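Each residue of the sequence shown is one higher than the one before, counting from 11 in the working numbering.
Here a beta-carbon is modelled for each residue, glycine too, at the ideal position from N, C-alpha and C.
Note that the structure is predicted; figures quoted are calculated from it, not measured.
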Amino acid sequence: MYALVFDPVNVEFKPVISSTAKKVSQFFNDESGDVYAVTNGGYFGVGVSYSLVRWNGETSADNIRALNRNYQGVPTTYYPTRAAFGLDIQNKPSVEWVYTVNQAGGPLYSYPQPSPNVEGSEPQPIPSSSFPSGGSVWEVKSAIGGSPVLVKNGLVKITDAEELISVDNTSSRARTAIGYLENDLVVLLVAEGGNTSESIPGLTLQDVAVQMKDMGCVSVINLDGGGSSAMVVKNNHTIKPSDVVGERAVISALVIKKK
11 MYALVFDPVN VEFKPVISST AKKVSQFFND ESGDVYAVTN GGYFGVGVSY
61 SLVRWNGETS ADNIRALNRN YQGVPTTYYP TRAAFGLDIQ NKPSVEWVYT
111 VNQAGGPLYS YPQPSPNVEG SEPQPIPSSS FPSGGSVWEV KSAIGGSPVL
161 VKNGLVKITD AEELISVDNT SSRARTAIGY LENDLVVLLV AEGGNTSESI
211 PGLTLQDVAV QMKDMGCVSV INLDGGGSSA MVVKNNHTIK PSDVVGERAV
261 ISALVIKKK
């Protein structure tokens with residue numbers, strides 16, 4: 011397990027996206043300037059990000075706005091508010107449940123609680139400026155989406171059910187997560203797991219939440235994990251990939267570099 015701690019006032023936090031999947035090591039090598047580290051980002055499909063990617067005020071991908079789950083034996087559309095980590099213009103970090111309102115590329119809202127969806131129950135309304143209550147436009151310059159929230163306001167609060175996310179939640183596997191300390195330092199964590207080393211089984215979502223809370227994190231979100239988990243520091247790999255074939259190609263990544 012490796013943790014990278016940095017001050018976003020002094021170091022550039024740059025979420026990036028690629029139109030075609032590429033390895034984290036390739037993201038590292040393709041980035042110009044003095045790059046300190048790169049980790050994998052959020053969830054993705056073939057050529058598409060399912061998680062928010064925003065850098066310097068420009069959004070290149072939204073958190074997934076709709077998905078199908080079973081309701082009364084029928085595939086039904088749900089509209090989840092999923093986790094995101096962001097920095098405002100003063101480089102102050104925050105973790106929120108967010109939704110892009112009205113249409114893709116529309117206003118990005120954050121909410122004090124996730125939309126209370128429950129798989130198998132009637133879907134909640136489409137999130138808006140008024141639902142869930144207490145929402146407001148999320149004023150961030152840079153952000154990365156994931157799921158679920160693991161720690162919020164100093165408490166372990168795993169909202170996988172409300173976010174309608176299933177990523178082997180209670181199984182031990184490789185994980186990537188991001189959070190921040192009370193003094194606004196940012197913490198990136200990667201944990202090895204799921205490879206041929208039986209002595210390193212990996213972490214559950216609960217394990218990640220507790221580990222990062224014990225490190226002093228006040229709010230944390232989970233990022234894509236399993237075979238996607240990777241951290242390259244100064245062009246050197248940290249954890250061993252869990253995929254037998256080695257490092258997995260991903261769509262989004264987090265670049266930490268000199269400003």
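Review point. Taking the continuous alpha helix (DSSP H) assigned at N39, which residues delimit it?
Key: Here the question's residue 39 lines up with position 29 in the sequence shown. 34–40 is the extent of the alpha helix (DSSP H) around N39.
Check your understanding: Based on the DSSP output, what are the partners of W107 in its beta bridges?
Key -> Residue numbering aside, residue 107 sits at position 97 when the sequence shown is read from its first letter. Beta-bridge annotation (DSSP): W107 is paired with A93, Y121.
Review point. Rounded C-beta distance between S262 and V26? I'm assuming under 8 Å.
Key: Here residue 262 refers to the residue found at position 252 when the sequence shown is read from its first residue. Here residue 26 refers to the residue found at position 16 when the sequence shown is read from its first residue. At roughly 7 Å, the Cβ-Cβ gap stays under 8 Å, so S262 and V26 are in contact.
Review point. Expressed to the nearest angstrom, what Euclidean distance is found between the alpha-carbon atoms of V19 and T169?
Key: Locating residue 19 in the sequence shown gives position 9, counting from the first residue. Locating residue 169 in the sequence shown gives position 159, counting from the first residue. If you draw a straight line from the Cα of V19 to the Cα of T169, it is about 29 Å long.
Check your understanding: When DSSP labels each residue in this structure, what does M241 get in the three-state scheme?
Key -> Residue 241 sits at position 231 when you count from the first residue of the sequence shown. Reduced to three states, the DSSP call for M241 is strand.
Exercise for review: Determine the burial state of D234: buried for a count of at least 16 other Cβ atoms within 10 Å of its Cβ, exposed for fewer.
Suggested key: Counted from its first residue, the sequence shown places residue 234 at position 224. Under a 10 Å Cβ-count criterion, D234 is classified as buried, with 16 or more other Cβ atoms of the shown protein chains found around its own Cβ.
Practice item. Provide the residue span of the beta strand (DSSP E) that contains A171, from first to last. Key: For the purposes of this step, residue 171 is taken as the residue at position 161 of the sequence shown. That residue, A171, is in no beta strand (DSSP E); its alpha helix (DSSP H) goes 170–173.
Check your understanding: Just how far apart, CA to CA, sit G83 and L191?
Key -> As a first step, residue 83 must be located in the sequence shown, where it is residue number 73. As a first step, residue 191 must be located in the sequence shown, where it is residue number 181. One Cα belongs to G83, the other to L191, and the distance between them is close to 44 Å.
Exercise for review: Give the C-beta separation of V159 and A93 to the nearest angstrom, bearing in mind that I take them to be a contact with Cβ-Cβ under 8 Å.
Suggested key: Counted from its first residue, the sequence shown places residue 159 at position 149. Counted from its first residue, the sequence shown places residue 93 at position 83. 4 Å between Cβ atoms; contact.
Check your understanding: From the DSSP output, which residues share a beta bridge with A187?
Key -> Looking up residue 187 in the sequence shown gives position 177. DSSP lists L199, N232 as partners of A187.
Exercise for review: For P137, I'd like the list of residues in its chain whose CB is within less than 8 Å of its CB, leaving aside the five on either flank, ordered along the chain.
Suggested key: Here residue 137 is taken as the residue at index 127 of the sequence shown, counted from 1. For P137, the CB contacts under 8 Å within the same chain, skipping 5 residues up- and downstream, are Y89, T91, Y109, V111, Y119, Y121, S125, G145 in chain order.
Review point. Would you call the stretch 93–104 and the stretch 148–158 touching, i.e. three or more CB-CB distances under 8 Å?
Key: Yes, the stretch 93–104 is in contact with the stretch 148–158.
Check your understanding: Any contact of the stretch 45–63 with the stretch 240–257, i.e. 3+ C-beta pairs under 8 Å?
Key -> Between the stretch 45–63 and the stretch 240–257 there are three or more C-beta pairs closer than 8 Å, enough to call the two in contact.
Check your understanding: Expressed to the nearest angstrom, what Euclidean distance is found between the alpha-carbon atoms of N78 and E129?
Key -> Within the sequence shown, numbered from 1, the residue matching residue 78 stands at position 68. Within the sequence shown, numbered from 1, the residue matching residue 129 stands at position 119. Distance between the alpha carbons of N78 and E129: 10 Å.
Review point. Excluding the five sequence neighbours on either side, which residues of its own chain have a C-beta within less than 6 Å of the C-beta of A153, listed in chain order?
Key: What you label residue 153 is simply residue 143 of the sequence shown in a count that begins at 1. These residues qualify, in order along the chain: L62, R64, A94, G96.
Review point. To which residues does DSSP link S29 through a beta bridge?
Key: As a first step, residue 29 must be located in the sequence shown, where it is residue number 19. Bridge partners of S29: none, in fact.
Practice item. Can you grab the Cα-Cα spacing for the pair T69 / K24, in whole Å? Key: Residue 69 sits at position 59 when you count from the first residue of the sequence shown. Residue 24 sits at position 14 when you count from the first residue of the sequence shown. So the two alpha carbons sit approximately 12 Å from each other.
Check your understanding: Could you check where the beta strand (DSSP E) with L14 kicks off and where it finishes?
Key -> Position 4 of the sequence shown, counted from the first residue, corresponds to residue 14. Where L14 is concerned, the enclosing beta strand (DSSP E) stretches over 12–16.
Exercise for review: Thinking F37 and V265 are a contact (beta carbons under 8 Å), I'd like their distance in whole angstroms, please.
Suggested key: The residue labelled residue 37 in the question sits at position 27 within the sequence shown. The residue labelled residue 265 in the question sits at position 255 within the sequence shown. Rounded to whole angstroms, the Cβ separation of F37 and V265 is 7 Å, and the two are in contact under 8 Å.
**Study point:** Contacts around V220, its chain only, beta-carbon distance under 7 Å, and the 5 residues preceding and following it disregarded
**Key:** Along the sequence shown, read from residue 1 onward, the residue named residue 220 stands at position 210. Around V220: V166.
Exercise for review: Look up A219 in the DSSP assignment and say whether it is helix, strand or coil.
Suggested key: Position 209 of the sequence shown, counting from 1, holds the residue named residue 219. DSSP places A219 in helix when its eight states are reduced to three.
Exercise for review: Within its chain, find whatever has a CB closer than 6 Å to the CB of T180; leave out the 5 residues flanking it on each side and keep chain order.
Suggested key: Locating residue 180 in the sequence shown gives position 170, where the first residue counts as 1. Taken in chain order, the residues that qualify are T214.
**Study point:** Element boundaries [beta strand (DSSP E), containing E68]
**Key:** Within the sequence shown, the letter at position 58 stands for residue 68. Counted as a single uninterrupted DSSP element, the beta strand (DSSP E) harbouring E68 occupies residues 68–71.
Exercise for review: Quick one: residues in its chain with C-beta nearer than 6 Å to the C-beta of V326, no 5 flanking neighbours on either side, listed in chain order?
Suggested key: This structure does not reach residue 326, given that the chain is present from 11 up to 269, and the question cannot be answered.
Practice item. Locate the beta strand (DSSP E) running through P85, then write down its first and last residues. Key: Here residue 85 is taken as the residue at index 75 of the sequence shown, counted from 1. That run of the beta strand (DSSP E) goes 84–88.
Review point. Buried or exposed: G55, going by 16 or more other Cβ atoms within 10 Å of its Cβ?
Key: Within the sequence shown, numbered from 1, the residue matching residue 55 stands at position 45. Result: exposed.
Review point. Using CA coordinates, which residue listed in S176, C227, V254, N73 is at the minimum distance from Q113?
Key: Here residue 113 refers to the residue found at position 103 of the sequence shown. Of the candidates S176, C227, V254, N73, the one whose C-alpha sits nearest the C-alpha of Q113 is N73.
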